[in-house]
Amino acid sequence: ASPPGKPVIVKCRSPEKETFTCWWKPGSNGGLPTNYTLTYYKEGENIIYECPDYTTGGPNSCFFSRKYTTIWTIYVMRVNATNKMGNTASDVRFVDVTYIVEPNAPQNVTLEIKKSQDREAYLWIKWLAPTLVDTRSGWLILQYEIRLKPEKATEWETHYAGHQTNFKILNLSPGQKYFVQVRCKPDHGFWSQWSQEKSIKIPGDANMNV
Amino acid sequence: ASPPGKPVIVKCRSPEKETFTCWWKPGSNGGLPTNYTLTYYKEGENIIYECPDYTTGGPNSCFFSRKYTTIWTIYVMRVNATNKMGNTASDVRFVDVTYIVEPNAPQNVTLEIKKSQDREAYLWIKWLAPTLVDTRSGWLILQYEIRLKPEKATEWETHYAGHQTNFKILNLSPGQKYFVQVRCKPDHGFWSQWSQEKSIKIPGDANMNV
Amino acid sequence: PFCPNGASCRVSLRELFDRAIIVSHYIHSLSSEMFQEFDAQYSQGPGFFTQAISMCHTASISTPAGKEQAQQIHQKDFVILVIHLLRSWTEPLNHLITETSRLPKDPHALRAKAVEIQQQNQRLLEGLDKIGKLVDPEITDNGDYAVWLGLPALQSNDVESLLFAFHNMFRCLRRDTHKVDNYLKFLKCQIAYDGSC
Numbered sequence: 044a045s046p047p048g049k050p051v052i053v054k055c056r057s058p059e060k061e062t063f064t065c066w067w068k069p070g071s072n073g074g075l076p077t078n079y080t081l082t083y084y085k086e087g088e089n090i091i092y093e094c095p096d097y098t099t100g101g102p103n104s105c106f107f108s109r110k111y112t113t114i115w116t117i118y119v120m121r122v123n124a125t126n127k128m129g130n131t132a133s134d135v136r137f138v139d140v141t142y143i144v145e146p147n148a149p150q151n152v153t154l155e156i157k158k159s160q161d162r163e164a165y166l167w168i169k170w171l172a173p174t175l176v177d178t179r180s181g182w183l184i185l186q187y188e189i190r191l192k193p194e195k196a197t198e199w200e201t202h203y204a205g206h207q208t209n210f211k212i213l214n215l216s217p218g219q220k221y222f223v224q225v226r227c228k229p230d231h232g233f234w235s236q237w238s239q240e241k242s243i244k245i246p247g248d249a250n251m252n253v
Numbered sequence: 044a045s046p047p048g049k050p051v052i053v054k055c056r057s058p059e060k061e062t063f064t065c066w067w068k069p070g071s072n073g074g075l076p077t078n079y080t081l082t083y084y085k086e087g088e089n090i091i092y093e094c095p096d097y098t099t100g101g102p103n104s105c106f107f108s109r110k111y112t113t114i115w116t117i118y119v120m121r122v123n124a125t126n127k128m129g130n131t132a133s134d135v136r137f138v139d140v141t142y143i144v145e146p147n148a149p150q151n152v153t154l155e156i157k158k159s160q161d162r163e164a165y166l167w168i169k170w171l172a173p174t175l176v177d178t179r180s181g182w183l184i185l186q187y188e189i190r191l192k193p194e195k196a197t198e199w200e201t202h203y204a205g206h207q208t209n210f211k212i213l214n215l216s217p218g219q220k221y222f223v224q225v226r227c228k229p230d231h232g233f234w235s236q237w238s239q240e241k242s243i244k245i246p247g248d249a250n251m252n253v
Numbered sequence: 003p004f005c006p007n008g009a010s011c012r013v014s015l016r017e018l019f020d021r022a023i024i025v026s027h028y029i030h031s032l033s034s035e036m037f038q039e040f041d042a043q044y045s046q047g048p049g050f051f052t053q054a055i056s057m058c059h060t061a062s063i064s065t066p067a068g069k070e071q072a073q074q075i076h077q078k079d080f081v082i083l084v085i086h087l088l089r090s091w092t093e094p095l096n097h098l099i100t101e102t103s104r105l106p107k108d109p110h111a112l113r114a115k116a117v118e119i120q121q122q123n124q125r126l127l128e129g130l131d132k133i134g135k136l137v138d139p140e141i142t143d144n145g146d147y148a149v150w151l152g153l154p155a156l157q158s159n160d161v162e163s164l165l166f167a168f169h170n171m172f173r174c175l176r177r178d179t180h181k182v183d184n185y186l187k188f189l190k191c192q193i194a195y196d197g198s199c
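Chains as they are written, first to last, in my numbering: chain X, 44 to 253; chain D, 44 to 253; chain B, 3 to 199.
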């Protein structure tokens, strides 16, 4: 038996800059029942707090609800592993909620073949911001990326759509079936997962060649 | 001959939240030379003032320079028409400069085709804040909107550019001529007119399908 | 340890202002919508409410009414002034939320907006407190705010007086949230961008 190995705080994420969760990877438990606590203080203060909720985020996690989430300061946190033989603390992790936003995927992706004014057909893609995210208040400004590929292809073709929530794809092959996905990212933060795959078949007679 | 008809204060606008102008429409002059004066008092005061400058804003106008402009204060104003046969006052108009800000259109709109690192061409639009507006001090913050359309199209495509004074437009059709206009609005106020139309032809060989 | 914001392990003054401005801008947008919704729902004809304009309870807080005046105020005092202005609405908003139930035609949407404004105000006050300490560590905020004596008017049994009281509150809230938003955008450029954004 020995004191516990050193835990590591591996990831902190916020889906909408209003709440956030941190996860850690336990070290070895030294062959003994080991207990983990997450403690933190906020930069500019010297009160040490303990994790408010160890369950919502699943095993080895700490969930900070709105009540415990602030964007005005940096969290300085550490995980402590304790067993009968002693305790071991993780390295310190600094967390600024604004920089750890990983939104959910965009929703309501819809595909449509449209005809441009000079009779060329093009694929028109539309989508909505992910749930939970309040883009109205300017609290979270999202940028988007689209990827599509012909049915049998292995390589995706990606297009950056900036802050637009619609996009036009030109010169696709008539008669071909395409799969389309969209993802999003806040200005400071991480790309979401890709949205559910949507597919569309380009009509055989469509004149897609602009 | 008869007393003058009732004048109407038709519009008050501030271009930069530092000065403002009101315009009125005279009623009938009753067939006699008619003189117009604009009088006002300010919320919380009971001193009656007269318009400080009847000329700068053109005919039937009153211009309030910085010296006479206070924001977050209600001006209770009236126009009085007087001729030999009598005088007629307009209805009272309540004006708070805070809510009448409508800037002039953005200026120096320039268009350019540029190539991104992955050799994709895109349309790069740049412009300057309208004249007279001090966006440096932070007293007035402007947001911008762009609209463009292919030469023969009737529908404009608009893009919100936030506080930037440049914007990148992706996936335009090679060989097509586009018209572009920009307008601006204070964070809380009215949209300006659209800037003068500028046009650009996308080179035929440009690979715009980012 | 990786420090998210680079060298110093704290949220920079510039970022604090950027975040505060997102909140203040949103609060004013909500207040404007609330004012317009109330006007549309309860006004009984043009000029109905203009006859009942009365002073805002925050009129006692002397605030700059133009750019030149704003440039005369010491930055630290200006931050305190904004805090006082915002704090002056904590109590009235609490009562506004409760007393909206007296209004005819179930003002559910108005109450929801008032609740959101109250939450965002508290969030902004937390941020301004942090900004104040960075602008001047010795900043002393004596907890001042403008006293509000408008509760009896919000509980009036006469419908017209009740409407006038609510209208004046929504009008003053719209005005003061615009001031807070305007001042923060100005202070950001003065303090965090050395006077030139």
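The beta carbon of each residue, even a glycine, is placed where N, CA and C say it ideally should be.
Treat the numbers as computed from the prediction; the structure is a model and nothing was measured.
### Message
For the beta strand (DSSP E) containing residue 225 of chain D, name the first residue and the last one.
### Response
220-229
### Cβ of residue 187 of chain B within 8 Å of any chain D Cβ
yes
### Message
I want to verify the contact list: residues of chain D whose CB lies under 8 Å from the CB of residue 198 of chain B, in sequence order.
### Response
179, 180
#### Entry: Within chain C, partners of residue 86 of chain X - CB distance below 7 Å
Checking the listed chains, one finds no chain C in this structure; the protein chains it contains are X, D and B.
### Query
With a CB to CB cut of under 7 Å and the five nearest residues on each side skipped, what residues in its chain are close to residue 229 of chain X?
144, 146, 183, 184, 185
### Task
Report buried or exposed for residue 224 of chain D, applying the criterion of at least 16 other Cβ atoms within 10 angstroms of its Cβ.
buried
### Query
Roughly how many angstroms lie between the CA atoms of residue 73 of chain X and residue 82 of chain X, to the nearest whole one?
22 Å
### Message
Rounded to whole angstroms, what is the Cα-Cα separation between residue 116 of chain B and residue 99 of chain B?
### Response
6 Å
### Message
I believe residue 194 of chain B touches residue 15 of chain B by the beta-carbon criterion, under 8 Å. Please report the beta-carbon distance rounded to the nearest angstrom.
### Response
5 Å
### Message
Considering only the alpha carbon of each residue, which of B/196, B/188, B/199 lies closest to residue 71 of chain B?
### Response
B/188
### Task
Give me the Cα-Cα distance between residue 140 of chain B and residue 87 of chain X, rounded to the nearest whole angstrom.
14 Å
### Query
Does the Cβ of residue 146 of chain B have 16 or more other Cβ atoms within 10 Å, making it buried, or fewer, making it exposed?
exposed
### Message
I want to see whether chain B comes within less than 8 Å of residue 230 of chain X, judged by CB atoms only; does it?
### Response
no
### Query
Hey, is residue 214 of chain D's beta-carbon within less than 8 Å of any beta-carbon in chain X?
yes
### Task
For residue 206 of chain D, go through chain X and note every residue whose CB falls closer than 7 Å to its CB, in chain order.
Those do not exist, as residue 206 of chain D stays about 11 Å from chain X at its closest Cβ, beyond 7 Å.
### Query
Name the chain B residues whose beta carbon is nearer than 7 Å to that of residue 114 of chain D?
67, 68
### Task
Kindly indicate the opening and closing residues of the alpha helix (DSSP H) around residue 83 of chain B.
77-89
#### Entry: Closer than 8 Å to chain D by CB, residue 121 of chain B
no
### Message
Tell me the DSSP secondary structure of residue 193 of chain B in three-state form.
### Response
helix
### Task
Measure from the alpha carbon of residue 117 of chain X to the alpha carbon of each residue in B/161, B/95, B/132, B/148, then state which is nearest.
B/132
### Message
Cβ closer than 9 Å: which chain B residues qualify as neighbours of residue 109 of chain D?
### Response
68, 69, 70
### Query
So residue 194 of chain D packs on residue 204 of chain D, CB below 8 Å; how close in whole Å?
Contact doesn't hold; Cβ gap of about 22 Å is too wide.
### Task
Using beta-carbon positions only, say whether residue 137 of chain B and residue 81 of chain B come within less than 8 Å of one another.
yes
### Message
So the candidates are X/103, X/45, X/168; which of them puts its Cα closest to the Cα of residue 152 of chain X?
### Response
X/168
### Outcome for residue 115 of chain D when other beta-carbon atoms lying within 10 angstroms are tallied against a minimum of 16
buried
### Message
Please classify residue 151 of chain B as buried or exposed, where buried requires at least 16 other C-beta atoms within 10 Å of its C-beta.
### Response
exposed
### Message
Here's the rule I'm using: 16 or more other beta-carbon atoms within 10 Å means buried, otherwise exposed. How should residue 3 of chain B be labelled?
### Response
Residue confidence for residue 3 of chain B is low, a pLDDT of 42 falling below 50, so the modelled location carries little weight and cannot support an answer.
### Message
So, for residue 134 of chain B: in the same chain, excluding its five sequence neighbours on each side, which residues have a beta-carbon less than 8 Å away from its beta-carbon?
### Response
78, 81, 82, 85, 141, 143
### Query
According to DSSP, which residues form a beta bridge with residue 205 of chain D?
D/187
### Query
From this set, D/200, D/76, D/177, D/176, which residue's C-alpha is nearest residue 47 of chain D's C-alpha?
D/76
#### Entry: residue 165 of chain X and residue 220 of chain X closer than 8 Å at C-beta
no
### Query
So, is residue 59 of chain D buried or exposed, given that buried needs 16 or more other C-beta atoms within 10 angstroms?
buried
### For residue 111 of chain D, three-class secondary structure by DSSP
helix
### Query
Which same chain residues, not among the five before or five after residue 171 of chain X, have their C-beta less than 8 Å away from its C-beta?
149, 150, 151, 208
### residue 227 of chain X versus residue 170 of chain B: straight-line alpha-carbon distance, rounded
42 Å
### Query
Are the C-beta atoms of residue 191 of chain B and some chain D residue less than 8 Å apart?
yes
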